[in-house]
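Protein sequence lines, in the order shown, are assigned to chains A and B.
In case it helps, UniProt numbering puts the first sequence at residues 1 to 451.
In case it helps, UniProt numbering puts the second sequence at residues 1 to 451.
Idealized CB from N, CA, C, for every residue including glycine.
Just so it is clear, the structure is predicted and the values come from calculations on it, not from any experiment.
What follows is a short report on a single structure.
Protein chains: 2
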Amino acid sequence: MNIEITKEFIDLLSEKINEQNAKAIKEMLEGLHPADIAELFDELSTKEQSFVINLLENETSADILLELEEEDRKKLLLKFSAKEIANEVINEMDTDDAVDIINELSERKKVEVIAQIEDKEQAKEIVELLRYDEDTAGGLMGKELIKVNKNWSVVTAIKQMRKQAEDFEEVFSIYVVDDEDVLIGTLSLKKFLTTSANTKVGDVYNDKIQYVYINTSNVEVANAIVKYDLYEIPVVDELMRLVGVITVDDVIDVIRENAEEDYQLAAGITQNVDSDDSIWKLTKARLPWLMIGMLGGLGAASIMSGFETALEKYTILLMFVPLIQSSAGNVGIQSSAIVVQGLANGSIKGGIFKRLGKEFLLGLLNGLGIALVVLLITHFIFGTTYYVSLTICVALVAVIVNAAIIGTFIPIFLNGRGVDPAVSTGPFITTSNDILGVFIYFTIAKVILGF
Amino acid sequence: MNIEITKEFIDLLSEKINEQNAKAIKEMLEGLHPADIAELFDELSTKEQSFVINLLENETSADILLELEEEDRKKLLLKFSAKEIANEVINEMDTDDAVDIINELSERKKVEVIAQIEDKEQAKEIVELLRYDEDTAGGLMGKELIKVNKNWSVVTAIKQMRKQAEDFEEVFSIYVVDDEDVLIGTLSLKKFLTTSANTKVGDVYNDKIQYVYINTSNVEVANAIVKYDLYEIPVVDELMRLVGVITVDDVIDVIRENAEEDYQLAAGITQNVDSDDSIWKLTKARLPWLMIGMLGGLGAASIMSGFETALEKYTILLMFVPLIQSSAGNVGIQSSAIVVQGLANGSIKGGIFKRLGKEFLLGLLNGLGIALVVLLITHFIFGTTYYVSLTICVALVAVIVNAAIIGTFIPIFLNGRGVDPAVSTGPFITTSNDILGVFIYFTIAKVILGF
Chain A
1 MNIEITKEFI
11 DLLSEKINEQ
21 NAKAIKEMLE
31 GLHPADIAEL
41 FDELSTKEQS
51 FVINLLENET
61 SADILLELEE
71 EDRKKLLLKF
81 SAKEIANEVI
91 NEMDTDDAVD
101 IINELSERKK
111 VEVIAQIEDK
121 EQAKEIVELL
131 RYDEDTAGGL
141 MGKELIKVNK
151 NWSVVTAIKQ
161 MRKQAEDFEE
171 VFSIYVVDDE
181 DVLIGTLSLK
191 KFLTTSANTK
201 VGDVYNDKIQ
211 YVYINTSNVE
221 VANAIVKYDL
231 YEIPVVDELM
241 RLVGVITVDD
251 VIDVIRENAE
261 EDYQLAAGIT
271 QNVDSDDSIW
281 KLTKARLPWL
291 MIGMLGGLGA
301 ASIMSGFETA
311 LEKYTILLMF
321 VPLIQSSAGN
331 VGIQSSAIVV
341 QGLANGSIKG
351 GIFKRLGKEF
361 LLGLLNGLGI
371 ALVVLLITHF
381 IFGTTYYVSL
391 TICVALVAVI
401 VNAAIIGTFI
411 PIFLNGRGVD
421 PAVSTGPFIT
431 TSNDILGVFI
441 YFTIAKVILG
451 F
Chain B
1 MNIEITKEFI
11 DLLSEKINEQ
21 NAKAIKEMLE
31 GLHPADIAEL
41 FDELSTKEQS
51 FVINLLENET
61 SADILLELEE
71 EDRKKLLLKF
81 SAKEIANEVI
91 NEMDTDDAVD
101 IINELSERKK
111 VEVIAQIEDK
121 EQAKEIVELL
131 RYDEDTAGGL
141 MGKELIKVNK
151 NWSVVTAIKQ
161 MRKQAEDFEE
171 VFSIYVVDDE
181 DVLIGTLSLK
191 KFLTTSANTK
201 VGDVYNDKIQ
211 YVYINTSNVE
221 VANAIVKYDL
231 YEIPVVDELM
241 RLVGVITVDD
251 VIDVIRENAE
261 EDYQLAAGIT
271 QNVDSDDSIW
281 KLTKARLPWL
291 MIGMLGGLGA
301 ASIMSGFETA
311 LEKYTILLMF
321 VPLIQSSAGN
331 VGIQSSAIVV
341 QGLANGSIKG
351 GIFKRLGKEF
361 LLGLLNGLGI
371 ALVVLLITHF
381 IFGTTYYVSL
391 TICVALVAVI
401 VNAAIIGTFI
411 PIFLNGRGVD
421 PAVSTGPFIT
431 TSNDILGVFI
441 YFTIAKVILG
451 F
């Protein structure tokens, strides 16, 4: 906040970098937060970036690296030796961030960097964290935490906490464990402020505590942190031993990425892409769904061509295919979006039949509303015959009800089978609606108009 | 976490409530987190809920109320008098939560409740907070914070902090102000653990601090907290005086709601609805977009009827309308989703022309890919003539490029005009594509086939 990065500032910085004027650069960046400097880096070449990184203090450099986009960071890290990465970057990071960075390196460099870490304790912790799946609590957690034994007095606890706190910047929770390292509670900073020095930790700690297991999925971790309004959540192993802690900032990334992924899937984009990605990457993410949509379009064409002879008499029916399809498509997307979102935030309860019944009613209501308007417009403006108007309206209601039910059923069905329901939205449902919609339309036409 | 709410548990609880067995109910709920009890409440009637609320301690009751859905909370609060709400609910809450609850009351009850608040200091703070816009930092912030004067010694600071901390549960940051109450920095818990008692606060505080102004929008507040990985952010007035603090949990709600809203808008749902809302509310949220989509379909029909006589000769062209439209629709949604998301998370930079150029290329690439496949399929499977196949393929490329450009341009244009770009996605872009797509298709047909 509070700092506006202007074009003039960037131009001046580039100039100073070209002049290799270390002093001026340091002065310019002095008051900036690493996250702001990382934003500035978007405007610099990798060579310029590495010049700046080398100038700044290791701690700042490490923070800047963490804030960069993955691809920019990878490029930049290629400019550094394993030793430099270990001593100047990894050494300054919390273990969870260090693991994220190391995971982005090539297999060979990974081993080299770990071998170069001077703090053997940190190296061990990193190696431990590396073996956890990225999408679980183990993959999110860091080893930086403060724990006190329940048998300690508050004064001993303070002494130990000072020692433990040396390695990292911020302390938010104090965890209480027993002699077996089993997590039994927390000590709030407030308790800590208001308790006399000789009190035993075991007498004042809070034993109501939320925790997650090492293999809890990252989405469940995020849900727990949000549900219980936590700043961090401790991670335990199968024996309830405290092994790490996950902070809310890591979880916000999970929440954001999930929401973005669902949104993109609904929009027919198969990978998590960014508007700044290359055309090739964007095409790879977008073309598959377009192909599926194309097959839907061709499928609809092939159904229509089956009615071809009859349709030569009723060309007018073909004019309303877009109306039928867009209505079915819109209803299908609406229904599935609500269900997918409900499944994602856990608000969907109750049986599937009750829900389908509700969607049926909803589709019927919306369908009748639209059909009525269409009846009037087709009859008075397009001047279609009574039977053609009737065909269009009956088909509209049928197609909308059908789309509402399919849009509800497919995500719930997939979710029950363990498949991410978000993949079903967007083009998938639209495509099945395209084909089914046309089929229903012309079948109804055949019945009413008798061709 | 860690507690599974079973059907048996709920049945037993209902039974005990019917028996008015206070002791058994208290025992059953003893170990549960208020957020879990709130989840249980979904299964209880308002009458049962109010019985339980009256049984539990005020602090727990207040926490449960905060976790309920707004509508359930409103219903439940109708069962309580203004005095009960003030003494048993508001009294136990942080000011930001208290304000949220009070804002949900009727104007009359609002005044009554505020008049009944016994802690006059809290009442004043609540009245102050009530005047801020809900969507700004002022509307999100609470007054619970710990501040120390830079001229105090650490030992004085501790004494004052104990006093300030009495009213609330958790303490995460210690803010440092000068004699004018101007925010000048923070004191980390770590510093606090490792500094001797006689040191002056002014000598050890950290003057690098992120803050927001009272009228900063909630989305900007969220972005700042995420960008700088903060647990809370202080709020200052125009004179830089510290007036409140916003915690990350409040901001997570903002992030979630925004993501859900964007997603729903893209799916053509105009209000923030839930799958459990009434059919009437869902219809109100869904029907408007369906009507717009309907107009698009009728618009397409009216364009086609303009070509009617020609089309009697080329009925085959009409069969491929769904293909043209679904391709245009899918590309339009993909393009706009990426742009909307980029605008939401601030990753969109650079000029609009560069971006349009990129989308043009992307559309061309995807369009040519699809057109090639369609060319082969129409020619060999549908047996269309060379000119008809050519018409379809040229139209496909033109329509896809057009959709990509529109899908990119509209959100950026709206955003520049201060309109939420998310409203433009979904049915809006689909509908304009429906009409334009058909128009482009038949215009190209006219040129190539010469009707």
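Within chain B, partners of Gln-341 (chain A) - CB distance below 8 angstroms: Residue 341 (chain A) sits at position 341 when you count from the first residue of the first sequence. Using a Cβ-Cβ cut-off of 8 angstroms, Gln-341 (chain A) is close to Glu-260, Tyr-263, Gln-264, Ser-275 of chain B, given in chain order.
His-379 (chain A): contacting residues in chain B (beta-carbon distance under 9 angstroms): Walking along the first sequence from the start, residue 379 (chain A) turns up at place 379. Neighbours of His-379 (chain A) on chain B: none; closest Cβ ~12 angstroms, over 9 angstroms.
Ranges of the beta strand (DSSP E) found wholly within the region 90-132 of chain B, counting only runs of at least 3: Annotation: the region 90-132 of chain B contains no complete segment of the beta strand (DSSP E) (minimum length 3 residues).
Against chain B: residues of the region 317-340 of chain A by CB proximity under 9 angstroms: Taking 9 angstroms as the cut-off between beta carbons, the residues of the region 317-340 of chain A near chain B are Leu-318, Met-319, Phe-320, Val-321, Pro-322, Leu-323, Ile-324, Gln-325, Ser-326, Ser-327, Gly-329, Asn-330, Val-331, Ile-333, Gln-334, Ser-335, Ser-336, Ala-337, Ile-338, Val-339, Val-340, in sequence order.
8 angstroms Cβ cutoff met for Thr-195 (chain B) and Val-154 (chain B): Residue 195 (chain B) sits at position 195 when you count from the first residue of the second sequence. Residue 154 (chain B) sits at position 154 when you count from the first residue of the second sequence. Against a cut-off of 8 angstroms, the Cβ pair of Val-154 (chain B) and Thr-195 (chain B) comes out as a contact.
Local conformation of Val-419 (chain B) per DSSP, three classes: If you number the second sequence from 1, residue 419 (chain B) lands on position 419. Three-state result, Val-419 (chain B): coil.
Stretch pair the region 76-89 of chain A + the region 113-131 of chain A: three plus CB contacts closer than 8 angstroms: Yes, they touch.
Chain-ordered neighbours of Met-294 (chain A) on chain B, where CB pairs are closer than 8 angstroms: Taking the first sequence and counting its residues from 1, the one referred to as residue 294 (chain A) is at position 294. Going along chain B in sequence order, the residues near Met-294 (chain A) (Cβ under 8 angstroms) are Leu-323, Ser-326, Ser-327, Ile-370, Val-373, Val-374.
Any chain A beta carbon closer than 8 angstroms to Thr-391 (chain B): In the second sequence, counting from the first residue as 1, residue 391 (chain B) sits at position 391. Not an interface residue.
Any chain B beta carbon closer than 8 angstroms to Phe-451 (chain A): Here residue 451 (chain A) is taken as the residue at index 451 of the first sequence, counted from 1. With 8 angstroms as the cut-off, Phe-451 (chain A) does not count as an interface residue toward chain B.
Endpoints, the alpha helix (DSSP H) within which Val-340 (chain B) is located: The count along the second sequence starts at 1 and reaches residue 340 (chain B) at position 340. If you look at Val-340 (chain B), you'll find it in the alpha helix (DSSP H) that goes 321-344.
Endpoints, alpha helix (DSSP H) assigned at Gly-139 (chain B): What you label residue 139 (chain B) is simply residue 139 of the second sequence in a count that begins at 1. Residues 137-140.
Any C-beta of chain A under 8 angstroms from that of Asn-366 (chain B): As a position in the second sequence, residue 366 (chain B) is number 366, starting the count at 1. For Asn-366 (chain B), the answer is yes, since a Cβ of chain A falls inside 8 angstroms of its Cβ.
Residues near Ala-197 (chain A) by beta carbon distance below 6 angstroms, same chain, minus five either side: Taking the first residue of the first sequence as position 1, residue 197 (chain A) is located at position 197. The answer, listed in chain order, is Val-154, Val-155.
Cβ pair Ile-405 (chain B), Gly-363 (chain B) closer than 8 angstroms: In the second sequence, the residue the question calls residue 405 (chain B) occupies position 405. In the second sequence, the residue the question calls residue 363 (chain B) occupies position 363. Between Ile-405 (chain B) and Gly-363 (chain B), the C-beta spacing is below 8 angstroms.
Members of the region 227-243 of chain B near chain A, C-beta cut-off 7 angstroms: Those residues of the region 227-243 of chain B that come within reach of chain A (Cβ to Cβ, closer than 7 angstroms) are Lys-227, Tyr-228, Asp-229, Tyr-231.
C-beta neighbour in chain B for Asp-249 (chain A), strict 8 angstroms: Position 249 of the first sequence, counted from the first residue, corresponds to residue 249 (chain A). Yes, its Cβ sits closer than 8 angstroms to a Cβ of chain B.
Span of the beta strand (DSSP E) around Glu-232 (chain A): Position 232 of the first sequence, counting from 1, holds the residue named residue 232 (chain A). DSSP places Glu-232 (chain A) inside the beta strand (DSSP E), whose first and last residues are 232-236.
Continuous alpha helix (DSSP H) assignments of at least 4 residues falling wholly in the region 247-315 of chain A: At a cut-off of 4 residues, the continuous stretches assigned as alpha helix (DSSP H) that sit fully inside the region 247-315 of chain A are 248-266, 279-306, 308-313.
For Gly-367 (chain B), three-class secondary structure by DSSP: In the second sequence, residue 367 (chain B) corresponds to position 367, counting from 1. In the structure shown, Gly-367 (chain B) sits in a helix (DSSP, three-state: H, G or I).
Candidates A:Arg-417, A:Val-401, A:Asp-420, A:Ile-412, of which the one nearest Ile-440 (chain A) by Cα: What you label residue 440 (chain A) is simply residue 440 of the first sequence in a count that begins at 1. The option with the nearest alpha carbon to Ile-440 (chain A) is A:Val-401.
contact_flag[the region 24-32 of chain A, the region 213-230 of chain B] where n(CB pairs < 8 angstroms) is 3 or more: With a cut-off of 8 angstroms, the region 213-230 of chain B and the region 24-32 of chain A do not count as touching, because too few Cβ pairs lie within range.
Close-in-space but distant-in-sequence residues of the same chain around Thr-60 (chain A) (CB under 6 angstroms, 5 per side omitted): As a position in the first sequence, residue 60 (chain A) is number 60, starting the count at 1. The residues are Pro-34.
Buried or exposed by the 16-neighbour rule on C-beta atoms within 10 Å, applied to Tyr-387 (chain A): As a working note, residue 387 (chain A) is residue 387 in the first sequence. The residue is exposed, with fewer than 16 neighbouring Cβ atoms inside 10 Å.
Distance between Asn-215 (chain A) and Asn-2 (chain B) (C-alpha atoms, nearest Å): Residue 2 (chain B) sits at position 2 when you count from the first residue of the second sequence. Residue 215 (chain A) sits at position 215 when you count from the first residue of the first sequence. At Asn-2 (chain B), the pLDDT of 48 sits below 50, so the modelled position is not reliable; the number obtained from the coordinates is stated separately. The C-alpha of Asn-215 (chain A) is placed about 14 angstroms away from the C-alpha of Asn-2 (chain B).
Proximal chain B residues relative to Phe-382 (chain A), where beta-carbon distance stays under 9 angstroms: In the first sequence, residue 382 (chain A) corresponds to position 382, counting from 1. Per Cβ cutoff of 9 angstroms: Leu-298, Ala-301, Ser-302, Ser-305.
Chain A contact for Ala-267 (chain B) (CB, 8 angstroms cutoff): Indexing the second sequence from 1 puts residue 267 (chain B) at position 267. So, interface residue.
CB contact below 8 angstroms: Met-1 (chain B) versus chain A: Sequence index remark: in the second sequence, residue 1 (chain B) carries index 1 (1-based). Its pLDDT being 40, under 50, Met-1 (chain B) is placed unreliably in this model, and the value from its coordinates should be taken loosely. Answer yes: the Cβ-Cβ gap between Met-1 (chain B) and chain A drops below 8 angstroms somewhere.
Interface partners of Val-438 (chain B) on chain A, CB under 7 angstroms: Working through the second sequence from its first residue, we reach residue 438 (chain B) at position 438. Correct list: Pro-322.
Same chain only: Cβ atoms within 8 angstroms of Phe-360 (chain B), ignoring 5 sequence neighbours per side: Counting from one through the second sequence, the residue named residue 360 (chain B) turns up at place 360. Counting only residues of its own chain and dropping the five nearest sequence neighbours on each side, Phe-360 (chain B) has a CB closer than 8 angstroms to the CB of Val-401, Ala-404, Ile-405.
Any C-beta of chain A under 8 angstroms from that of Lys-446 (chain B): Your numbering for residue 446 (chain B) matches position 446 in the second sequence. Judged by the 8 angstroms Cβ criterion, Lys-446 (chain B) is not in contact with chain A.
For Ile-146 (chain A) and Met-161 (chain A), believed in contact at Cβ under 8 angstroms, the rounded distance: Indexing the first sequence from 1 puts residue 161 (chain A) at position 161. Indexing the first sequence from 1 puts residue 146 (chain A) at position 146. Correct: roughly 5 angstroms between the Cβ atoms.
Between the CA atoms of Ala-337 (chain A) and Asn-433 (chain B) - distance to the nearest angstrom: The residue you call residue 433 (chain B) lines up with position 433 of the second sequence. The residue you call residue 337 (chain A) lines up with position 337 of the first sequence. Take the alpha-carbon of Asn-433 (chain B) and the one of Ala-337 (chain A): they are about 21 angstroms apart.
Extent of the continuous alpha helix (DSSP H) run through Val-226 (chain A): Within the first sequence, numbered from 1, the residue matching residue 226 (chain A) stands at position 226. Judged by DSSP secondary structure, Val-226 (chain A) falls within the alpha helix (DSSP H) whose first and last residues are 218-227.
Other residues of its chain near Glu-8 (chain A): CB distance less than 8 angstroms, five sequence neighbours each side excluded: Looking up residue 8 (chain A) in the first sequence gives position 8. So no residue of the chain qualifies.
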